[in-house]
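Novice: One structure follows; several queries about it will come next.
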Amino acid sequence: MGRNHSGLAILINSLAFNFLGDGLRDILDPVVNNAPLLDVRDLCVDFVNGSAVTHAVRGVSFQLGHEKLAIVGESGSGKSTVGRALLQLHPKKARVSASRMQFADLDLQHLSEAQMRGVRGKRISMIMQDPKYSLNPVVCVGKQIAEAWLTHHPGRKDEAKARALEMLEVVRIRQPERVYQLYPHEISGGQGQRIMIAMMLITDPELIIADEPTSALDVSVRLQVLGLLDDLVQSRGLGLIFISHDINLVRSFCDRVLVMYAGRVVESIAAKDLDNARHPYTQGLINSLPDMQHCRPILPVLQRQASWLTD
Numbered sequence: 013m014g015r016n017h018s019g020l021a022i023l024i025n026s027l028a029f030n031f032l033g034d035g036l037r038d039i040l041d042p043v044v045n046n047a048p049l050l051d052v053r054d055l056c057v058d059f060v061n062g063s064a065v066t067h068a069v070r071g072v073s074f075q076l077g078h079e080k081l082a083i084v085g086e087s088g089s090g091k092s093t094v095g096r097a098l099l100q101l102h103p104k105k106a107r108v109s110a111s112r113m114q115f116a117d118l119d120l121q122h123l124s125e126a127q128m129r130g131v132r133g134k135r136i137s138m139i140m141q142d143p144k145y146s147l148n149p150v151v152c153v154g155k156q157i158a159e160a161w162l163t164h165h166p167g168r169k170d171e172a173k174a175r176a177l178e179m180l181e182v183v184r185i186r187q188p189e190r191v192y193q194l195y196p197h198e199i200s201g202g203q204g205q206r207i208m209i210a211m212m213l214i215t216d217p218e219l220i221i222a223d224e225p226t227s228a229l230d231v232s233v234r235l236q237v238l239g240l241l242d243d244l245v246q247s248r249g250l251g252l253i254f255i256s257h258d259i260n261l262v263r264s265f266c267d268r269v270l271v272m273y274a275g276r277v278v279e280s281i282a283a284k285d286l287d288n289a290r291h292p293y294t295q296g297l298i299n300s301l302p303d304m305q306h307c308r309p310i311l312p313v314l315q316r317q318a319s320w321l322t323d
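Just so you know, we're using the working numbering here: the sequence shown kicks off at 13 and counts up by one.
See the structure below:
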């Protein structure tokens with residue numbers, strides 16, 4: 013009889029341990045959501061002018077997690093058009109299509125303009141190239157930052173100003189109270205780009221699209237802005253699409269690189285592996301860069317091939 017009770021106790025303890033073990037596994041090894049933040053498949057953008065059609069983006073596909081993804085290519089390759097298509101910032105004559113354009117829980121293709129306004133500048137923000145042309149010259153910069161908050165939280169002016177001052181501190185602007193009152197012509201280029209970043213961050217976006225945000229800055233300020241963007245991606249867990257023509261810059265700054273040529277992605281590669289790029293266009297871009305350590309009398313000229321449009 014005692015032996016039976018002992019066996020029953022062992023069985024109960026064993027079952028309890030199994031259930032407890034399952035619970036501990038759920039706590040110690042939680043299910044990880046590996047779904048990408050952004051999933052784009054077969055994105056096409058055409059510009060129609062009468063009977064003429066320009067294929068600006070041709071079947072671009074990529075995924076983005078909480079990382080820094082660069083899109084590089086020459087002027088006119090379509091890299092900025094991809095960023096604007098995600099936010100529906102294209103002219104009326106543009107035709108945009110994709111088999112999938114999923115951002116988190118949203119299908120970007122099927123959002124109305126009213127719904128898109130709730131995403132644009134709130135969940136997805138875009139930093140433009142040159143603050144001189146993006147900031148209103150007759151409104152102080154602090155109010156312009158606060159306006160981005162008020163667009164999505166109307167009527168909360170005191171909170172908007174407090175948030176704007178907080179964002180100025182986040183982007184490492186000294187004396188935020190003083191800078192809040194300044195007009196765009198009273199700030200430097202580096203300060204202007206930090207203010208643009210503050211404006212985009214004030215709504216706590218999940219994704220930032222940066223369209224050549226450092227090309228108008230000198231080298232020292234450029235490094236400061238890149239360091240700031242990197243810190244924000246790491247600390248806030250953002251996704252960053254970094255649009256650039258500077259392949260050397262993205263090699264050291266980004267995690268992955270999409271190389272675009274004539275509206276198509278010709279290569280997708282880890283940034284650290286760019287020296288081992290396989291596509292001749294990517295190789296040509298790298299080889300055509302001047303090297304300060306190895307002087308060459310003549311830089312090689314990129315020899316384009318018709319097959320790059322169809323491969």
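Using N, Cα and C, we set each Cβ at its ideal position, and we do this for glycine too.
All values derive from a computational prediction rather than experimental measurement.
Go ahead and pull the three-state DSSP assignment for Gly-249.
Specialist: Working through the sequence shown from its first residue, we reach residue 249 at position 237. The answer is coil: DSSP assigns Gly-249 none of H, G, I, E or B.
Novice: Between which two residues does the beta strand (DSSP E) carrying Met-272 extend?
Specialist: Position 260 of the sequence shown holds residue 272. Per DSSP, Met-272 belongs to the beta strand (DSSP E) from 268-273.
Novice: Between which residues of its own chain and Ala-176 is the CB-CB distance below 6 Å, once the five residues before and five after are set aside?
Specialist: In the sequence shown, the residue the question calls residue 176 occupies position 164. So the qualifying residues of the chain are Gly-154, Ile-157, Ala-158.
Novice: Using the C-alpha atoms, what's the distance from Gly-296 back to Arg-308?
Specialist: As a first step, residue 308 must be located in the sequence shown, where it is residue number 296. As a first step, residue 296 must be located in the sequence shown, where it is residue number 284. Rounded to whole angstroms, Arg-308 to Gly-296 spans 15 Å at the Cα level.
Novice: Apply the 10 Å Cβ neighbour rule to Leu-301 and answer buried if 16 or more other Cβ atoms are within range, or exposed otherwise.
Specialist: Residue mapping note: residue 301 aligns to position 289 of the sequence shown, counting from 1. Flag for Leu-301 reads exposed.
Novice: Applying the 10 Å Cβ sphere with the 16-neighbour rule, what's the burial state of Ser-231?
Specialist: On the sequence shown, position 219 is the one that residue 231 refers to. Before going further, note that residue 231 is Val rather than Ser in the sequence given. Burial call: exposed.
Novice: Quick check: what's the CA-CA separation for Leu-11 versus Leu-261?
Specialist: Here the chain has residues from 13 to 323 only, and residue 11 is not among them.
Novice: I need the boundaries of the beta strand (DSSP E) containing Met-138, first residue and last residue.
Specialist: The residue you call residue 138 lines up with position 126 of the sequence shown. Looking at the DSSP string, the run of the beta strand (DSSP E) that includes Met-138 is 136-139.
Novice: Whole-angstrom Cβ separation of Phe-115 and Leu-213, contact assumed at under 8 Å?
Specialist: Here the question's residue 115 lines up with position 103 in the sequence shown. Here the question's residue 213 lines up with position 201 in the sequence shown. That pair is no contact at about 18 Å.
Novice: So, at 6 Å on beta carbons, what are the nonlocal neighbours of Arg-263 in its own chain, with the 5 sequence-adjacent residues on each side left out?
Specialist: Residue 263 sits at position 251 when you count from the first residue of the sequence shown. These residues qualify, in order along the chain: Ala-283, Leu-286.
Novice: Could you have a look at Ile-199 and say whether DSSP puts it in helix, strand or coil?
Specialist: Numbered from 1 along the sequence shown, position 187 holds the residue referred to as residue 199. In the structure shown, Ile-199 sits in coil (DSSP, three-state: anything other than H, G, I, E or B).
Novice: Where does Val-150 fall in DSSP's three states?
Specialist: Locating residue 150 in the sequence shown gives position 138, counting from the first residue. Coil, per DSSP.
Novice: Using DSSP with H/G/I as helix, E/B as strand and the rest coil, what is Arg-234?
Specialist: Here residue 234 corresponds to residue number 222 of the sequence shown, with the count starting at 1. Three-state result, Arg-234: helix.
Novice: Looking only at C-alpha atoms, which of Tyr-195, Leu-241, Phe-59 sits nearest to Lys-105?
Specialist: Counting from 1 along the sequence shown, the entry for residue 105 is found at position 93. Comparing Cα-Cα distances from Lys-105 to each of Tyr-195, Leu-241, Phe-59, the minimum goes to Phe-59.
Novice: Please report the residue range of the beta strand (DSSP E) in which Val-113 lies.
Specialist: Sequence index remark: in the sequence shown, residue 113 carries index 101 (1-based). Reading off the sequence shown, one finds Met at residue 113, where the question assumed Val. Per DSSP, Met-113 belongs to the beta strand (DSSP E) from 112-115.
Novice: Verify whether the separation of the beta carbon atoms of Ala-82 and Leu-250 is less than 9 Å.
Specialist: As a working mapping, residue 82 is identified with position 70 in the sequence shown. As a working mapping, residue 250 is identified with position 238 in the sequence shown. The answer is no: Cβ separation not under 9 Å.
Novice: I need the DSSP call for Ile-298, collapsed to helix, strand or coil.
Specialist: The sequence position of residue 298 within the sequence shown is 286, counting from 1. Three-state result, Ile-298: helix.
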